[in-house]
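Protein sequence lines, in the order shown, are assigned to chains A and B. Counting from 4, one number per residue, gives the positions in the first sequence under the numbering used here. Counting from 4, one number per residue, gives the positions in the second sequence under the numbering used here. Using N, Cα and C, we set each Cβ at its ideal position, and we do this for glycine too.
2 protein chains.
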Amino acid sequence: MKRIERLSVYRRFLQEIAGSEPGSVYSHELAEKTGVTPAQVRRDLMEIGFAGHTKKGYRSAELVAAIGNYLDSPEGDPVALVGLGNLGRALLPFFAGHHPKLKITAAFDTDPLKTGRVICGCRCYPFDQLEEVIAEENIRVAILTVPAAAAQKAAGRLAAAGVRGILNFAPALIRLPKAVTVETMDITIALEKIAFFARRSGDES
Amino acid sequence: MKRIERLSVYRRFLQEIAGSEPGSVYSHELAEKTGVTPAQVRRDLMEIGFAGHTKKGYRSAELVAAIGNYLDSPEGDPVALVGLGNLGRALLPFFAGHHPKLKITAAFDTDPLKTGRVICGCRCYPFDQLEEVIAEENIRVAILTVPAAAAQKAAGRLAAAGVRGILNFAPALIRLPKAVTVETMDITIALEKIAFFARRSGDES
DNA sequence: GTATTGCTGTGATCGGTTTCACAATTCGCG
DNA sequence: CGCGAATTGTGAAACCGATCACAGCAATAC
Chain A
4 MKRIERLSVY RRFLQEIAGS EPGSVYSHEL AEKTGVTPAQ VRRDLMEIGF
54 AGHTKKGYRS AELVAAIGNY LDSPEGDPVA LVGLGNLGRA LLPFFAGHHP
104 KLKITAAFDT DPLKTGRVIC GCRCYPFDQL EEVIAEENIR VAILTVPAAA
154 AQKAAGRLAA AGVRGILNFA PALIRLPKAV TVETMDITIA LEKIAFFARR
204 SGDES
Chain B
4 MKRIERLSVY RRFLQEIAGS EPGSVYSHEL AEKTGVTPAQ VRRDLMEIGF
54 AGHTKKGYRS AELVAAIGNY LDSPEGDPVA LVGLGNLGRA LLPFFAGHHP
104 KLKITAAFDT DPLKTGRVIC GCRCYPFDQL EEVIAEENIR VAILTVPAAA
154 AQKAAGRLAA AGVRGILNFA PALIRLPKAV TVETMDITIA LEKIAFFARR
204 SGDES
């Protein structure tokens, strides 16, 4: 659902301005800074049961807490990174320490040259130990950055090992039981789409 | 529009199986392999004006051509990559030679250590030369992988230089005239969303 | 105290996508 | 040739998210 993404965005903005503001925000401010309409902000906050105050807006600190309470697992979630190619290795520093609730705690690869070490505070295991480590660390969320040809198989093993959500960067269709959430970020397709619209909009060459 | 993405996906599948199949596909095959419904495939192809044959499906080679004709600019599009951090550098080999129509032909960074060389066949320029190079190479599409704080400014310069479509990886809201298409791929937010659904679906711990 | 302002909460509405469902068509087979 | 099976093309309906528009209310001004 799109609302979840917007809540994340609201939270990020609120955290950015934390301290430097009067302690409350109006729906129209949040909307403006976040690229949506004020009505949508109000509707979103209504849906998570967070009430503002007429004429005073929403108390920022409490709103951040409410969003966190709604979105996050209280203890935080350990995340597995599967595939240490260029993209996988780039993602490690992206998350290293940056997120209070989501931490990449285990990485996997088939290449023995890459396993055994610790990169950005994350231990790298051989692919074989996937089930074992995921069970041990109680991992429920994974990022998949393996080649397309290996994606479905890896995803299947992840799901079987107990993973319930996968962020897939491989340009491949992943088919899993509906109990597992899969979101594919296909960079090539996104770029093709953008090139398409770029060509259409106000073509003035 | 979502249809554009699906067309890309259809095409990819068709190219994967090119040769190894009887020369035509049914809507239900395409649907099955691509994760959508047969009706949607038919509707999508109808919308781009591609007709199939009753009982024989769609001629694959012609369909690939029709999709290409609809999606791609005939000569292909040069793409700029702005920001050579971890993610930017990971993206270069991703596209290097892999796509017939989209090629990253210029990269930019402020760090003089990174500029001046050629990585994966792509020349790296200092950030100052952005306008110049974009005009010279007639670049209309860009990938933005700079830190969030620099994103809006860089996007503004790109747009002013003539770029009409931006794939933004920075976790920041980009505000540009509507003639410029901006698509933000926010990895952190995608992961937060997945963690949210992972926690909800069939919570059996 | 009363009027005015301006913000929240939300029922109603709108617009775009997806899905349904079926007529039209073609092929294979007897 | 004509029947049955299978597939396309598409109008109509259903669905879903976003937007509108306004009632209700709290703060402030006078």
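Fill in: Local conformation of B/T57 per DSSP, three classes
If DSSP states are grouped into helix, strand and coil, B/T57 belongs with coil.
Worksheet entry | Short CB-CB distance (under 8 Å) between B/G168 and chain A | Interface residue (Cβ-Cβ distance to chain A less than 8 Å): B/G168 is classified as such.
Practice prompt. Kindly indicate if chain A contains any beta-carbon less than 8 Å away from that of B/V12.
Written response: Yes, B/V12 counts as interfacial toward chain A.
Item to complete: Report the neighbours of A/I7 on chain B: residues whose CB is nearer than 7 Å to its CB, in chain order.
Response: Those are K196 and F199, listed as they occur along chain B.
Worksheet item: Are there three or more Cβ pairs, one per stretch, closer than 8 Å when the region 68 to 85 of chain B is compared with the region 11 to 21 of chain B?
Response: With the cut-off at 8 Å, the region 68 to 85 of chain B and the region 11 to 21 of chain B touch.
Practice prompt. Please name the residue in A/E135, A/L48, A/A64 and A/I137 whose C-alpha comes closest to that of A/I20.
Written response: Comparing Cα positions, the closest option is A/A64.
Discussion item. Alpha carbons only, please: which of B/E195, B/P96, B/L87 and B/E135 is nearest the one belonging to B/A153?
Written reply: Answer by Cα proximity: B/L87.
Worksheet item: Cβ of B/L230 within 8 Å of Cβ of A/A151?
Response: Look at the range of chain B in this structure, 4 to 208, and you will see that residue 230 of chain B is not part of it.
Discussion item. Taking the straight line between their C-alpha atoms, what separation do you get for A/R181 and B/L116?
Written reply: The sequence as given places Lys at residue 181 of chain A; Arg does not occur at that position. Going by C-alpha positions, A/K181 is about 47 Å away from B/L116.
Worksheet item: Are there 16 or more other CB atoms within 10 angstroms of the CB of A/P25, so buried, or fewer, so exposed?
Response: With a threshold of 16 other beta carbon atoms within 10 Å, A/P25 falls short and is exposed.
Worksheet entry | Where A/I192 meets chain B, residues with beta-carbon distance less than 7 Å | What A/I192 touches in chain B: E8, S11 and V12.
Worksheet entry | Helix, strand or coil at A/A173 according to DSSP, with G and I counted as helix | In this structure, A/A173 counts as coil in the three-state DSSP scheme.
Worksheet entry | Touching by the beta-carbon criterion (3+ pairs, under 8 Å), the region 50 to 61 of chain A and the region 110 to 125 of chain A | Contact annotation: the region 50 to 61 of chain A does not touch the region 110 to 125 of chain A, with fewer than three C-beta pairs closer than 8 Å.
Discussion item. Rounded to whole angstroms, what is the Cα-Cα separation between A/S27 and A/E78?
Written reply: Those two C-alpha atoms are separated by around 27 Å.
Worksheet item: If the cut is a Cβ gap below 8 Å, which residues of chain A does B/N144 touch?
Response: Reading off the sequence, residue 144 of chain B comes out as Val, not Asn. Result: L194, I197, A198 and A201.
Worksheet item: For A/R15 and chain B, any beta-carbon pair shorter than 8 Å?
Response: A/R15 counts as touching chain B.
Discussion item. Here's the rule: buried if 16 or more other CB atoms are within 10 angstroms of the residue's CB, otherwise exposed. What is B/V149?
Written reply: With 16 or more Cβ atoms within 10 Å of its Cβ, B/V149 is classed as buried.
Worksheet item: Are there 16 or more other CB atoms within 10 angstroms of the CB of A/T184, so buried, or fewer, so exposed?
Response: Buried.
Worksheet item: Can you find a heavy atom of the ligand FMN that lies under 7 Å from the Cβ of B/A54?
Response: As presented, the structure is devoid of all ligands, the ligand FMN included, so that no description of it is given.
Worksheet entry | Straight-line Cα distance separating B/K156 from B/R210 | Absent from the model: residue 210 of chain B. The displayed extent of chain B is 4 to 208, so no value can be given.
Item to complete: Could you name the residues of chain B that A/M49 contacts, counting a contact when the two beta carbons are closer than 9 Å?
Response: None at all; the shortest Cβ gap to chain B is about 18 Å.
Fill in: Backbone secondary structure at A/G86 - three-state DSSP
Three-state result, A/G86: coil.
Discussion item. Can you check whether the C-beta of B/D80 is within less than 8 Å of a C-beta belonging to chain A?
Written reply: Interface residue, yes.
Discussion item. Distance check for A/P96 and A/R120, CA to CA, integer angstroms please.
Written reply: One C-alpha to the other measures close to 15 Å.
Worksheet item: Cα-Cα, which of A/T191, A/C123 and A/L48 is closest to A/L84?
Response: Minimum Cα distance to A/L84 is reached at A/C123.
Worksheet item: Looking at chain B, which residues of the region 17 to 40 of chain A have a Cβ within less than 8 Å of any of its Cβ atoms?
Response: Result list: K36, T37 and G38.
Discussion item. Quick check on the DSSP output: the beta strand (DSSP E) that includes B/P41 runs from which residue to which?
Written reply: That residue, B/P41, is in no beta strand (DSSP E); its alpha helix (DSSP H) goes P41 to E50.
Discussion item. Here's a check: name, in chain order, each residue in its chain whose Cβ is nearer than 8 Å to the Cβ of A/T108, leaving out the five neighbours to either side.
Written reply: Contacts found: P81, V82, A83, C125, R126, E140 and I142.
Discussion item. Using the three-state DSSP reduction, which class does A/P129 fall into: helix, strand or coil?
Written reply: DSSP places A/P129 in strand when its eight states are reduced to three.
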